[in-house]
Amino acid sequence: MQRPHRVVVLVLDGALPLDVGIPAEVFHPETGFGYEVSACGVTAGTVPSHGGFGYAVPRGLDALADADTIVVPGYAPAGRQIPAQVREALRGAASRGTRIASICYGAFALAEAGLLDGLRATTHWDAAVELAQRHPRITVEPNVLFVDEGSVLTSAGAAAGLDLCLHIVRRDLGVSAANEIARGLVTAPYRTGGQAQYLPKTNTEVRGQSLAATREWAMMRLDQPLTIAGLAAHARMSPRTFLRRFAEETGSTPLEWILRARVDTARELLESTRLPVDRIAEQVGLGTGSNLRLHFRRLLDVTPTEYRATFAGPS
Numbered sequence: 017m018q019r020p021h022r023v024v025v026l027v028l029d030g031a032l033p034l035d036v037g038i039p040a041e042v043f044h045p046e047t048g049f050g051y052e053v054s055a056c057g058v059t060a061g062t063v064p065s066h067g068g069f070g071y072a073v074p075r076g077l078d079a080l081a082d083a084d085t086i087v088v089p090g091y092a093p094a095g096r097q098i099p100a101q102v103r104e105a106l107r108g109a110a111s112r113g114t115r116i117a118s119i120c121y122g123a124f125a126l127a128e129a130g131l132l133d134g135l136r137a138t139t140h141w142d143a144a145v146e147l148a149q150r151h152p153r154i155t156v157e158p159n160v161l162f163v164d165e166g167s168v169l170t171s172a173g174a175a176a177g178l179d180l181c182l183h184i185v186r187r188d189l190g191v192s193a194a195n196e197i198a199r200g201l202v203t204a205p206y207r208t209g210g211q212a213q214y215l216p217k218t219n220t221e222v223r224g225q226s227l228a229a230t231r232e233w234a235m236m237r238l239d240q241p242l243t244i245a246g247l248a249a250h251a252r253m254s255p256r257t258f259l260r261r262f263a264e265e266t267g268s269t270p271l272e273w274i275l276r277a278r279v280d281t282a283r284e285l286l287e288s289t290r291l292p293v294d295r296i297a298e299q300v301g302l303g304t305g306s307n308l309r310l311h312f313r314r315l316l317d318v319t320p321t322e323y324r325a326t327f328a329g330p331s
């Protein structure tokens with residue numbers, strides 16, 4: 017009888033509870049897919065977690081020697097230096113060919129161990145700049161859900177760890193197994209690694225209302241040419257005054273604001289209709305499907321088709 021695939025979750029001080037729980041659920045033996053999951057710490061005992069919880073871990077770092085896959089959850093504060101013995105244990109596991117994955121800020125542990133040098137990696141968007149600055153040999157991808165570099169994988173924050181763990185199941189056992197586990201967890205079975213990890217509306221927060229009527233007027237005419245002169249005339253201002261006031265209220269130029277409004281409207285149409293991409297591009301004033309794809313990739317780091325596949329309801 018083939019032995020289970022051993023997944024060991026390395027729980028470090030300040031571990032984020034959701035990050036610890038995700039691999040524990042995805043790889044739980046009760047899924048019936050041949051995984052065995054356990055937790056360890058630097059030493060056996062109770063590991064304090066972020067938020068006042070604590071984890072009772074039965075083993076120390078010696079547990080990593082038995083692992084087929086190691087998952088390092090995020091911990092707070094982000095980027096806190098990890099003990100030297102953890103770095104050595106992770107390097108030793110990597111040298112044995114063990115697959116190692118991180119969730120959220122756990123990427124900092126992999127980076128400290130030198131496991132990400134020369135590779136692409138990601139982490140929670142709010143720590144991506146720090147990771148890149150502290151470890152310049154890593155190509156940090158701040159806008160993706162996860163990065164698969166073969167034996168080393170990293171994911172963005174919180175729920176992106178679920179996307180990563182399901183991706184690992186797909187790699188190991190195929191789509192059907194991942195889908196069945198996802199159904200049990202009541203979650204979407206697949207979001208691509210390239211899906212942008214932080215998807216609010218792309219328009220900036222408005223800090224004033226004196227131009228609200230003009231912005232609303234523009235929103236009703238996104239399918240038409242919109243110019244600075246036309247917007248300024250509607251606002252009854254000179255173009256120069258209009259540009260200054262618009263920047264004060266929105267933090268962007270009018271044309272950039274309009275572009276983002278067009279992309280956001282396209283997102284709504286992708287979610288709520290089955291219109292072809294070319295038709296959506298026309299309706300939002302971006303002309304062609306290729307132009308819409310260009311701006312989607314620039315602003316969201318995802319294609320319209322990938323976005324629709326993730327967020328659209330059933331057809």
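If you're matching positions, the sequence shown starts at 17 in the working numbering and goes up one per residue. Each residue gets a CB set at the ideal place from its N, CA and C atoms; glycine is no exception.
GLY113 and THR230 have their C-alpha atoms roughly 60 Å apart. Put simply, the segment 175-189 touches the segment 36-56. At least three CB pairs are less than 8 Å apart. In this structure ALA127 touches HIS151 by the C-beta definition: roughly 4 Å separates them, less than 8 Å.
The three-state reading of DSSP puts PHE43 in coil, since its state is none of H, G, I, E or B.
Counting C-beta atoms within 10 angstroms of its own C-beta, GLU46 has fewer than 16 neighbours from the protein chains shown and is therefore classed as exposed.
Within a 10 Å sphere around the beta-carbon of ALA81 sit fewer than 16 other beta-carbons, which makes this residue exposed. Just measuring C-alpha positions, the residue of THR59, PRO320, LEU275 and VAL88 sitting nearest ALA172 is VAL88. Rounded to whole angstroms, the gap between the alpha carbons of SER306 and ASP78 is 53 Å. Here DSSP, grouped into helix, strand and coil, assigns HIS21 to strand. Assigned with DSSP and collapsed to three states, LEU308 falls in helix.
A direct Cα-Cα distance of roughly 8 Å separates LEU182 from ILE197. Here the alpha carbon of GLU284 sits roughly 10 Å from the alpha carbon of TYR323.
Taking a C-beta distance under 8 Å as the contact criterion, SER118 and THR62 do not qualify as a contact pair. Contact check for LEU242 against ALA234 passes: the beta carbons are separated by less than 8 Å.
In this structure the segment 141-159 touches the segment 84-100; the number of beta carbon pairs closer than 8 Å is three or more.
Within the model, the alpha-carbon separation for TYR51 versus LEU302 is close to 48 Å.
Contact annotation: ASP35 and GLY90 have beta-carbon atoms nearer than 8 Å. A direct Cα-Cα distance of roughly 13 Å separates ASP239 from LEU308.
Your pair ALA125 and VAL102 checks out as a contact, with CB atoms roughly 7 Å apart and the cut at 8 Å. Taken in chain order, the complete alpha helix (DSSP H) segments of 4 residues or longer contained in the segment 264-316 are 270-288, 293-299 and 305-316. With distances taken between CA atoms, GLU165 lies nearest to GLY134 out of GLY134, PHE258 and ASP188.
According to DSSP, CYS56 shares a beta bridge with LEU26 and ARG75.
For ASP164, the enclosing beta strand (DSSP E) stretches over residues 162-164. Ranked by Cα distance from PHE312, the first of PRO99, ASP280, GLY267 and ARG295 is ASP280. For the set ASN159, ALA110 and VAL25, the Cα lying nearest the Cα of TYR71 is the one of VAL25. By the CB criterion at 8 Å, PHE49 and VAL163 fall outside the cutoff. By DSSP's assignment, ALA117 forms a beta bridge with VAL87 and LEU169. DSSP lists TYR71 as the beta-bridge partner residues of VAL63.
In the three-state reduction of the DSSP assignment, THR321 falls in the helix class, which pools H, G and I. A residue is called buried once 16 or more other Cβ atoms fall within 10 Å of its Cβ, and ALA137 is buried on that count.
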